[in-house]
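Residue numbers (the working numbering): 242 to 605.
Structural data, given as structure tokens:
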């Protein structure tokens, strides 16, 4: 995951800079993250007469689609609508910039639209579209870097760039030849800037926490730090099953198994991602808590089968399943099967936390 930009438009919304309107938009955002999508739809529609033609309105609609159908499946109607709404946002923002190329609203919405598109196609392995949208977003990104001292929301986008500009090509070699045109980043500075957004920003706070969780757990292998962010997300939005899934994953990484057990069946949403997650977590519990390797292998296998119906990026959890099966086979003394499954794990491993485990075993 990279450069997923939250709805940062309110800070720049000078045309409708009225407390009542700001409150309505913030309410809609909270409904979206809280998985209260009917209320979110009503809240968004109530804004149509006020900002219906503004890029912030289409961006808000896109955000709702993204979370309502998370993870967004490729080649589906919601996917097509999502891309269309973001392109509409970019078009509307472009019209603002025609009058003033430094207008903060135009910068905000252009960066948000192209950043979302970059993130989505990167997660789904579309190299051409990822590079295309990344190039389009870059000029707005650099302008945002210059504005960050004035607009704290820009610490989020600047922090994301600084971290992922260095980290992403380390794990995705195919992108390296295309990145020479982009200025270098700084991973530690990026983390510090994301933390500032999480602590002080208004509209990018949630996404900053989301990325800090992923960075600290999956890349930096620091489950203690990532748990601070996972807990804040889950506590703030307890009905958000995506954040609940992340919270459970982090509990398991900390070996807080007894706390994780009652939470797994609270994942109410259906679909390949959630089915895969639940079976993966149950497999880990059987393996590490109940010491039932055969049952664990069954859960891991079922989880992998569930992933076949996911027309989107679930590689990290698939890698965790293969790593789990490898550990079980190793404990059963089946070294060849363990090696085979760690090799399969590496085919899917997006993050260092799993890749390091597999490589350490295979290189031993």
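Don't be surprised by glycine CBs; every beta carbon is placed ideally from N, CA and C.
Mind reading off the beta-carbon distance from residue i to residue j? Whole number of angstroms is fine, and I expect it under 8 Å.
| i | j | result |
| --- | --- | --- |
| residue 394 | residue 442 | 5 Å |
| residue 446 | residue 438 | 7 Å |
| residue 231 | residue 534 | There is simply no residue 231 to check, as the chain begins at 242 and stops at 605 in what is shown. |
| residue 607 | residue 285 | The question about residue 607 has no answer, for the chain in this structure spans 242 to 605. |
| residue 347 | residue 358 | At roughly 17 Å, the Cβ-Cβ gap does not stay under 8 Å, so residue 347 and residue 358 are not in contact. |
| residue 378 | residue 352 | 6 Å |
| residue 519 | residue 502 | At roughly 12 Å, the Cβ-Cβ gap does not stay under 8 Å, so residue 519 and residue 502 are not in contact. |
| residue 278 | residue 318 | In fact, because the Cβ distance is near 16 Å, the residues do not count as touching under 8 Å. |
| residue 326 | residue 302 | 5 Å |
| residue 514 | residue 296 | Not a contact, Cβ separation roughly 29 Å. |
| residue 603 | residue 589 | Contact doesn't hold; Cβ gap of about 15 Å is too wide. |
| residue 350 | residue 333 | 7 Å |
| residue 355 | residue 374 | 5 Å |
| residue 541 | residue 562 | 5 Å |
| residue 436 | residue 453 | 7 Å |
| residue 594 | residue 462 | 5 Å |
| residue 451 | residue 474 | 7 Å |
In terms of residues, what are the limits of the alpha helix (DSSP H) holding residue i?
| i | result |
| --- | --- |
| residue 296 | 296-309 |
| residue 578 | 576-589 |
| residue 341 | Residue 341 -> no alpha helix (DSSP H), and no H or E assigned at all. |
| residue 440 | 428-441 |
| residue 607 | This structure leaves residue 607 out entirely; the chain is present only between 242 and 605. |
| residue 570 | 556-572 |
Quick one: is the Cβ of residue i within less than 8 Å of any heavy atom of the ligand FAD?
| i | result |
| --- | --- |
| residue 558 | As presented, the structure is devoid of all ligands, the ligand FAD included, so that no description of it is given. |
Which of helix, strand or coil does DSSP assign to residue i?
| i | result |
| --- | --- |
| residue 278 | helix |
| residue 252 | In this prediction, residue 252 has a pLDDT of 42, which is less than 50 and means its spatial position is unreliable; what the coordinates show is noted afterwards. In the structure shown, residue 252 sits in a helix (DSSP, three-state: H, G or I). |
| residue 425 | coil |
| residue 592 | coil |
| residue 222 | This structure gives no information on residue 222, because the portion of the chain shown stretches from 242 to 605. |
| residue 313 | coil |
| residue 444 | coil |
| residue 549 | coil |
| residue 403 | helix |
| residue 247 | Model confidence at residue 247 stands at a pLDDT of 43, short of 50, so the residue's coordinates are unreliable; what they give is reported in the following sentence. In the structure shown, residue 247 sits in coil (DSSP, three-state: anything other than H, G, I, E or B). |
| residue 601 | helix |
Closer than 9 Å, CB to CB, is residue i near chain C or not?
| i | result |
| --- | --- |
| residue 587 | No chain C appears in this structure, which consists of one protein chain only. |
>> So within the segment 456-535, which uninterrupted alpha helix (DSSP H) runs reach at least 4 residues, ignoring any that extend past its ends?
In response: 464-477, 482-494, 498-505, 513-529
> Which ranges does the alpha helix (DSSP H) cover as unbroken runs of at least 4 residues, wholly within the segment 317-401, from first to last along the chain?
Replying inline: 318-340, 345-364, 368-388
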